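Take the sequence shown: its letter number 252 is residue 252 in full-length UniProt numbering, and every next letter is one higher.
First the structure, in the form of structure tokens, and then the observations on it.
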Amino acid sequence: MRGRRIRTLRLASLTRLTSSPSDTPAPRDASRHSALLACGVVGATLLALIALGHDGRRIAQLAVLAAPMVLWLAWPLRSARMRNMRTVLVWLWAMGFALDAAVRAYLLDTYQAAPDGAMVLGAAANTNARESTEYLWMHWRSAVIWSGALAVTGVLVGMFARRGAAFDAGASSVRAPRSPFWVRSLVLVLLLVACVAYASKPWRRLHPAIFWAGWSQSVHAQRAAWAGQEKVRDRLMAQAKAIAPVALQAGPSTVVLVITDSINRDNMALYGYGRPTTPRLLAHKAQAGEQMAVLKNAWSVDASTLPALRNMFHFGLPESENPPHLLALARAAGYKVWWISNHDDLAIEQQHARLADVVDMVNRTPGRASASLDGEILDCVQEAFADTSTDRKLIVVHLMGAHPHYSLRFPENANPFDDDVDAVENGLVKDGRSAWVRRFRQEYDAALLYHDFVVSELLQQTRTAGKPAEDRAWMYVSDHGQEVGHGSDRAGHSPSTASGYRIPTVIWRNREPLPNAAAQQQPFRADWTGWALMDLLKIQWSGQVPERNVLGDAYRWLAPAIPVAVESFSR
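Put into structure tokens, the structure is as follows:
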């Protein structure tokens, strides 16, 4: 019995001595392969999402910045606690890059804009929590897609970050085989490049933590600048008084400027659209004859509200020229100015509205997507017409127009185009527009039909108000256009298609002739609105540029620089 036991022990010893060295480190080899797989999956997942949110060399820059923590998964750790901590840290790191990419991709998909662009910065500085929710709801499909991509990324990263390299405690006395030379070389090169990237400011500032911290500061700076607008308004009034504008014509005068939001002239029957979206304006045109001019080829030079209004009221002149404000000039020339608005917008109120003598912000519900209908302003405008404290009035009316949500821009159950299979619907189907874009087009056209009612009422009030010998004029213009399936399969603000800049412009006045039919075919720029309005107000001032007044014989068109290719500004 004892001899058998001795032979067994000797056989076991011989087996250990003669066994292949590769038999023992097999668990280590599997761990290494698992770690490389974890690095590969986490890195590839991040790279895919980064490529959707960035373009060009920025994809490589973000990938390099993200690399160090991903490569950490290949470094063996003994402690289970350290491995758990690494899993959490790698997941948080990766999701920071993933969230940055998803937000950028969402903005690019929805608005064709970068987060640090003027449009997005201005909107963020001028947006509250409710408004942000409303915008997301407007584009919920895109938000769901990118949220889903982010969720998938989170699951994949979480699953594979747990597979980071670990020492095998059972084989700690045996030296593990080293990774291939090319693997070690690649890791070393990536780490060296990452070190250089973090040392470089242009690369480093792309890191999500640094970029979004700076972005937040930019938004706060924008808000602070708006908060100091009172001093700016005082300066503008002093500047206007120093210019000393003069009203050329004696007697009473009333001018109404109607600024609407997000109206594309291609959706107006007044401009030849296939649906009856503007029956009342067409009736006014038939009645008014030569007293009413429809500028057929009007364009905005901005695809969002804030820069568009800034250009309108500062005559399209750059800040470097220290341009005056139109409302300040009107007041300095003896006009009493009203600002009547259906917008609840702090920036617009501070930059423009507070320059008026009377400010009536009808809509005080936060959010541009408020359900306040534009018809709410009609009584306020009528009160301004009835005011007897002055003979000279400039009444500025700011409407919501067809600002998204389109379904909130008209009364409930007032959509005659809902599910109406007409030539417009068939054309959209032929162009391959999706069902949701076709639905938005129906809602948009219904919004324009209600908008036609409000705008026509404002024109009717202007045509019938005042004394028989009073000079009266009315001008209607949109701040920017809207894409509703015209140039692409999407709906909303569109700085990247011509639809974002195609706007209506209509002028009526009772005493003097307007440009003839041929002249009304000339292109018009919304940033030159101020020059035409000064003509309607009959104000003379030292800064006049006759070539920019569409109502004058000296008018000369100059094409604006907009970020889209326009085949012709005369169509």
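We put the CB at the ideal spot given by N, CA and C, even for glycine.
Treat the numbers as computed from the prediction; the structure is a model and nothing was measured.
- Judged by their CB atoms, V70 and G43 are nearer to each other than the 7 Å cut-off.
- Listed in chain order, the non-local C-beta contacts of I503 below 8 Å within the same chain comprise I263, N264, R265, A298, W299, S300, V477, S478, D479, H480, G481 and A526, local neighbours out to five positions each way being set aside.
- Shortest Cα-Cα distance from D379 to any of F410, H403 and N342 involves N342.
- Excluding the 5 residues flanking it on each side, R86 has same chain C-beta neighbours closer than 7 Å at W72, L77 and G164, in chain order.
- Between the segment 465-474 and the segment 435-452, the count of Cβ pairs shorter than 8 Å is below three; the stretches do not touch.
- Listed in chain order, the non-local C-beta contacts of R556 below 7 Å within the same chain comprise E547, local neighbours out to five positions each way being set aside.
- Sorting Q112, E321, G214 and I340 by C-alpha distance to the C-alpha of R490 places Q112 at the top.
- Taking a cut-off of 8 Å on C-beta distances, the segment 328-337 touches the segment 241-259, as three or more cross pairs fall below it.
- It is roughly 24 Å from the alpha-carbon of A386 to the alpha-carbon of V506.
- The Cβ-Cβ distance between R223 and R354 does not fall below 7 Å.
- The Cβ neighbour count for A101, taken over all protein chains shown within 10 Å, is at least 16; the residue is labelled buried.
- Straight through space, the alpha carbons of K393 and R275 are spaced by roughly 36 Å.
- With distances taken between CA atoms, A423 lies nearest to Q442 out of Q442, I259, P411 and F410.
- No Cβ-Cβ contact shorter than 7 Å links A166 with R32.
- A244 sits in coil when the DSSP states are folded into three classes, being neither helix nor strand.
- Taking D471 as the centre and dropping the five residues before and after it, the same chain places the C-beta of S253 and R511 closer than 6 Å to its C-beta, in chain order.
- Following the DSSP letters along the chain, one finds M268 in no beta strand (DSSP E), marked with neither H nor E.
- Within a 10 Å sphere around the beta-carbon of L192 sit fewer than 16 other beta-carbons, which makes this residue exposed.
- Counting only residues of its own chain and dropping the five nearest sequence neighbours on each side, L281 has a CB closer than 6 Å to the CB of L270, D452 and S456.
- Runs of the alpha helix (DSSP H) lying entirely within the segment 371-430, each at least 4 residues long, are 378-386 and 423-430 in chain order.
- Secondary structure note for W299: its beta strand (DSSP E) is the uninterrupted segment N297 to W299.
- The residues Y406, V484 and A491, in chain order, have a CB closer than 7 Å to that of F440 in the same chain once the five nearest residues on each side in sequence are set aside.
- In this structure, the CA atom of V88 is about 11 Å from the CA atom of G154.
- Residue pairing of T254 in beta bridges, as defined by DSSP: K393 and R472.
- Beyond the five residues adjoining it in sequence on each side, S488 comes within less than 7 Å, by CB distance, of T497 in the same chain, given in chain order.
- In the structure shown, E457 falls within a helical segment according to DSSP collapsed to helix, strand and coil.
- When the five nearest sequence neighbours on each side are left out, the beta carbons in the same chain lying within less than 7 Å of the beta carbon of G96 are those of P208 and A209, in order along the chain.
- In the DSSP assignment, S218 falls within the alpha helix (DSSP H) that extends over P208 to A227.
- For F211 and D116, the gap between their C-alpha atoms comes out near 9 Å.
- For D360, the three-state secondary structure derived from DSSP is strand.
- Taking C-beta atoms under 8 Å as the contact rule, A293 and P515 qualify, at a distance of about 6 Å.
- Spanning the alpha carbons of P307 and S494 requires a straight line of approximately 14 Å.
- No residue range can be given for S496, since it is assigned to no alpha helix (DSSP H) and is classified by DSSP as neither H nor E.
- Secondary structure of E483 (DSSP, three-state): strand.
- Residue pairing of A491 in beta bridges, as defined by DSSP: V484.
- The Cβ atoms of L156 and T45 lie closer than 7 Å to each other.
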